[in-house]
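>
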Amino acid sequence: QSVLTQPPSVSGAPGQRVTIFCTGSSSNIGAGYDVHWYQQLPGAAPKLLIYGNTNRPSGVPDRFSGSKSGTSASLGITGLQAEDEADYYCQSYDTSLSGSVVFGGGTKLTVL
Amino acid sequence: EVQLVESGGGLVQPGGSLRLSCAASGFTFSTYTMNWVRQAPGKGLDWVSYISSSGGTTYYADSVKGRFTISRDNAKNSVYLQMNSLRDEDTAIYYCVTYSSSSDDAFDIWGQGTMVTVSS
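Rendered as structure tokens:
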């Protein structure tokens, strides 16, 4: 089991909006640590999508957005496109673990 | 171009050893901390190990502590992962990752990964 909890799968039709939640606890997200999000296309290495809870790296479309509140964070994707079909992972830090980097279990996004 | 290239993966028997290498280019390697992250087949991402820019500080996931050793050679722009007493559950793609100054502490630089298969 991952320290950060994500739904195994979400789906949406092209053009729709989906939200992926990442739930933590008082020792990670709730302790004030930033949450980052990664997109992993089939057969590829993960790619940074959102950093510092809400920031998009250069080149990431503004259809992708992030937010954080309390012990949870979320990734929003608007105007769904076929190429958004991928696995999405949240990442943060945890005070109770050696080295402290923790990932969510990942969410498979299917574009219907 | 900023690049991380892993090598050294392969098939090894349970209890065996393997040394992974990661060659960095396109940035001032000696000023960057480095990490290894792995992904078992069909599974999610798992952080494995961290090393500071000087090499003086290292951290390990509990699942590999005492079996894996991370090291670096700043003169060769390389980071290594020595894996001993390998188990079936260590089978995974191993990624070399780091973060730049423009991403806070998020991993924005990833290698392509190297596959390690532990099987008899």
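Residue numbers (our numbering), protein chains in the order written: chain D, -1 to 110; chain Y, 309 to 428.
We put the beta carbon where it would ideally sit given N, CA and C, even for glycine.
Predicted model only: the values in this text are computed from it and were never measured.
Please give the ranges of any beta strand (DSSP E) in the segment 48 to 102 of chain D, keeping only runs that are unbroken, at least 3 residues long and fully inside the region.
The qualifying runs are 62 to 67, 70 to 75, 84 to 91, 99 to 101.
> What are the start and end residues of the beta strand (DSSP E) that includes D/G10?
Locating residue 10 of chain D in the first sequence gives position 12, counting from the first residue. Note, D/G10: beta strand (DSSP E), 7 to 10.
> For Y/F415, return the contacting residues in chain D, with the cut-off set at a CB-CB distance below 8 Å.
Looking up residue 415 of chain Y in the second sequence gives position 107. Per Cβ cutoff of 8 Å: H34, Y36, P44, L46, Q89.
> For Y/S333 and chain D, any beta-carbon pair shorter than 8 Å?
As a working mapping, residue 333 of chain Y is identified with position 25 in the second sequence. No, Y/S333 lies away from the interface with chain D (no Cβ there is under 8 Å from its Cβ).
> Any beta-carbon of chain Y closer than 8 Å to the one on D/G30?
Taking the first sequence and counting its residues from 1, the one referred to as residue 30 of chain D is at position 32. Chain Y, which has no Cβ nearer than 8 Å to the Cβ of D/G30, makes this no.
> Any beta carbon from chain D within less than 8 Å of Y/G352's own beta carbon?
Numbered from 1 along the second sequence, position 44 holds the residue referred to as residue 352 of chain Y. Closer than 8 Å to some Cβ of chain D, the Cβ of Y/G352 qualifies, so yes.
> Should D/V99 and D/Y91 be called a contact, given that it needs their Cβ atoms to be closer than 8 Å?
Working through the first sequence from its first residue, we reach residue 99 of chain D at position 101. Working through the first sequence from its first residue, we reach residue 91 of chain D at position 93. Their beta carbons are under 8 Å apart, which means D/V99 touches D/Y91 by this criterion.
> D/V33 and D/N51: beta carbons closer than 8 Å?
Residue 33 of chain D sits at position 35 when you count from the first residue of the first sequence. Residue 51 of chain D sits at position 53 when you count from the first residue of the first sequence. Contact flag set, yes.
> Taking Y/G334 as the reference, which of Y/Q311, Y/I378, Y/S325, Y/D398 has the closest Cα?
Your numbering for residue 334 of chain Y matches position 26 in the second sequence. Nearest option by C-alpha distance: Y/Q311.
> Excluding the 5 residues preceding and the 5 following D/S70 in the sequence, name in chain order all residues of the same chain whose CB lies nearer than 8 Å to its CB.
Numbered from its first residue, the first sequence carries residue 70 of chain D at position 72. F19, C20, T21, G22, I27.
> Tell me which residue opens and which closes the beta strand (DSSP E) that Y/E314 is part of.
What you label residue 314 of chain Y is simply residue 6 of the second sequence in a count that begins at 1. Unbroken beta strand (DSSP E) run through Y/E314: 311 to 315.
> Could you list which residues in chain D have their beta carbon closer than 8 Å to that of Y/G421, in chain order?
Residue 421 of chain Y sits at position 113 when you count from the first residue of the second sequence. Correct list: A43.
> Taking contact to mean at least 3 C-beta pairs separated by less than 8 Å, is the segment 383 to 397 of chain Y in contact with the segment 326 to 333 of chain Y?
With the cut-off at 8 Å, the segment 383 to 397 of chain Y and the segment 326 to 333 of chain Y touch.
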